[in-house]
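Below is one structure; the comments refer to it alone.
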Amino acid sequence: MKVKIKSWNSVAIWKWDVPNEEVCGICRVAFDGCCSTCKTPGDDCPLIWGECSHVFHMHCLLRWLATEGSRGQCPMDRKAWVTAK
1 MKVKIKSWNS
11 VAIWKWDVPN
21 EEVCGICRVA
31 FDGCCSTCKT
41 PGDDCPLIWG
51 ECSHVFHMHC
61 LLRWLATEGS
71 RGQCPMDRKA
81 WVTAK
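Counting in full-length UniProt numbering, the sequence shown tops out at residue 85, every number present.
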C-alpha cells in the first residue's frame, strides 16, 4: 500500500529573540509586530541592536538618527549610537 500526499498545510510561529524588551523604544510597537513604515513583520521589518544593548526596529532607528536632535545618539541612554556586530 502506498500513500500519496495530495496537499500540505503548514503553520509556523516566529518571534524575535530579544531579552528583556518587548517593544521598540521609539514607536512603542511590539517587536513581533512591525513599525509604522512596514506592512508586515519579519525580515521586511528587521531589528537593530546597539552596542549599548538597546534594540529598535531598524526603520525607526534610521528615522531617529536622521533627525538633527538625535546627534547620533541612542534614544534610550543618549550614548553615541554604535551598531552591534
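Cβ atoms here follow ideal geometry from the backbone N, Cα and C, with glycine treated the same way.
Just so it is clear, the structure is predicted and the values come from calculations on it, not from any experiment.
Residue i versus residue j: straight-line alpha-carbon distance, rounded
i: Val55; j: Trp49; result: 5 Å
i: Ala30; j: Thr67; result: 23 Å
i: Pro46; j: Lys6; result: 35 Å
The alpha helix (DSSP H) enclosing residue i, as first and last residue numbers
i: Trp64; result: Met58 to Ala66
Limits of the unbroken beta strand (DSSP E) element including residue i
i: Trp49; result: Leu47 to Trp49
Reference residue i; option with closest CA among the options
i: Arg28; options: Met76, Lys2, Gly69 and Lys4; result: Met76
i: Asp36; options: Arg71, Met58, Lys4 and Asp17; result: The residue asked about is misnamed: residue 36 is Ser in this sequence, not Asp. Closest by alpha carbon: Met58.
i: Gly33; options: Ser70, Glu51 and Ile13; result: Ile13
i: Cys52; options: Lys39, Trp81 and Leu65; result: Trp81
Per DSSP, cross-strand counterpart(s) of residue i
i: Thr83; result: Gly50
i: Ala30; result: Val23
i: Val55; result: Trp49
Cβ neighbour criterion (16 or more within 10 Å) applied to residue i
i: Leu62; result: exposed
i: Trp64; result: buried
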